[in-house]
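Count along the sequence shown from 1, then add 13; that gives the number in my numbering. Don't be surprised by glycine CBs; every beta carbon is placed ideally from N, CA and C.
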Amino acid sequence: MDIVDDKILKSRLALFATTLQIAVCNLPALAQLPAQKAYPPTKSATGTAMQKPQRKGGLQTTPPNDWAIEPLKDKVDLPNLPNFTGHAKFIMGTVHPSDKGPSYVMHFATKEDHKLVLDWYKNTLNMYGWKITFADGQVVTAQLKNANCAVSVNDCTGRRDGNNSEIEIDYSQRNK
Numbered sequence: 014m015d016i017v018d019d020k021i022l023k024s025r026l027a028l029f030a031t032t033l034q035i036a037v038c039n040l041p042a043l044a045q046l047p048a049q050k051a052y053p054p055t056k057s058a059t060g061t062a063m064q065k066p067q068r069k070g071g072l073q074t075t076p077p078n079d080w081a082i083e084p085l086k087d088k089v090d091l092p093n094l095p096n097f098t099g100h101a102k103f104i105m106g107t108v109h110p111s112d113k114g115p116s117y118v119m120h121f122a123t124k125e126d127h128k129l130v131l132d133w134y135k136n137t138l139n140m141y142g143w144k145i146t147f148a149d150g151q152v153v154t155a156q157l158k159n160a161n162c163a164v165s166v167n168d169c170t171g172r173r174d175g176n177n178s179e180i181e182i183d184y185s186q187r188n189k
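As structure tokens, this is what we get:
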């Protein structure tokens, strides 16, 4: 494994650890949610008919349709979250439509230094009135009214494609 691959692996492991930490921090809130029915409603958030999950040997083999994640073809302009002013190329993204509100995950690549990108997001989130709930050298999380946002920036200096940073934006907005 060369140095570049090792650096990418370490940055992705750090991102995984941060994502896991965010999930663990939300466990107490999840435990207080009311119990859900065994099967979801018959219509998804997009209004399409939902099928009963398939079971094999008592185990569910296909998830209900309300767990569907749809790919994004291009970046989405998110409410109260400005686009990075440096040049960032959209790589991929997904949206999870839900009755409670949509959740987005988008990945970008940029030639900008990861510290500059993270500082830009910290400052911009503050300017737009977001409450910073967590920040370190790689991640910033914030809340604004009924929306949550986590921005993870990985240092990818030395990649063959010339990009120095990978940006992941996790955004969810809950309907009131």
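CB-CB length for residue i against residue j, believed under 8 Å
{"i": "Ile-180", "j": "Val-164", "result": "7 Å"}
{"i": "Tyr-184", "j": "Tyr-141", "result": "Wrong, their Cβ atoms sit about 13 Å apart, outside the cutoff."}
{"i": "Gln-186", "j": "Ala-155", "result": "About 13 Å; that fails the 8 Å criterion."}
{"i": "Phe-97", "j": "Trp-143", "result": "Not really, about 15 Å apart at Cβ, beyond 8 Å."}
Alpha-carbon to alpha-carbon, residue j and residue i
{"i": "Lys-128", "j": "Gly-106", "result": "23 Å"}
{"i": "Leu-131", "j": "Val-166", "result": "6 Å"}
{"i": "Ala-173", "j": "Lys-88", "result": "One detail in the question is off: residue 173 reads as Arg in this sequence, not Ala. Answer to the nearest angstrom: the Cα atoms are 24 Å apart."}
{"i": "Gly-171", "j": "Lys-124", "result": "10 Å"}
{"i": "Ile-104", "j": "Glu-83", "result": "15 Å"}
{"i": "Asn-188", "j": "Asp-112", "result": "8 Å"}
{"i": "Cys-169", "j": "Gly-99", "result": "16 Å"}
{"i": "Asn-153", "j": "Asn-139", "result": "It is worth fixing the name first, because residue 153 is Val in this sequence and not Asn. If you take the alpha carbons of Val-153 and Asn-139, they lie about 11 Å apart."}
{"i": "Val-108", "j": "Gln-151", "result": "23 Å"}
{"i": "Asn-177", "j": "Ala-122", "result": "8 Å"}
{"i": "Gln-45", "j": "Pro-95", "result": "A caution first: Gln-45 carries a pLDDT of 49, below 50, which makes its placement in the model unreliable, though a value can still be read off. Between Gln-45 and Pro-95, the C-alpha separation is close to 32 Å."}
{"i": "Asp-126", "j": "Phe-147", "result": "21 Å"}
{"i": "Asn-136", "j": "Ala-81", "result": "34 Å"}
{"i": "Lys-102", "j": "Gly-175", "result": "12 Å"}
{"i": "Asp-149", "j": "Asp-90", "result": "25 Å"}
Residue from the options with nearest C-alpha to residue i
{"i": "Lys-158", "options": "Leu-85, Lys-86, Pro-92", "result": "Pro-92"}
{"i": "Pro-110", "options": "Cys-162, Thr-137, Leu-85, Lys-102", "result": "Leu-85"}
{"i": "Pro-115", "options": "Ser-178, Asn-176, Asn-177, Cys-162", "result": "Cys-162"}
{"i": "Gly-182", "options": "Met-119, Thr-137, Asn-136", "result": "A small fix is needed here, since residue 182 is Ile in this sequence, not Gly. For Ile-182, the nearest C-alpha among the options comes from Met-119."}
Residue i: CB within 6 Å of a non-hydrogen atom of the ligand HEM
{"i": "Gly-99", "result": "Among the components modelled here there is no ligand, and therefore nothing to report on the ligand HEM."}
What are the start and end residues of each continuous beta strand (DSSP E) run of 3 or more residues lying completely inside the segment 112–139, in chain order? 116–123
Mind pulling the beta strand (DSSP E) runs of 3 or more residues that sit fully within the segment 151–189? 152–157, 160–168, 178–186
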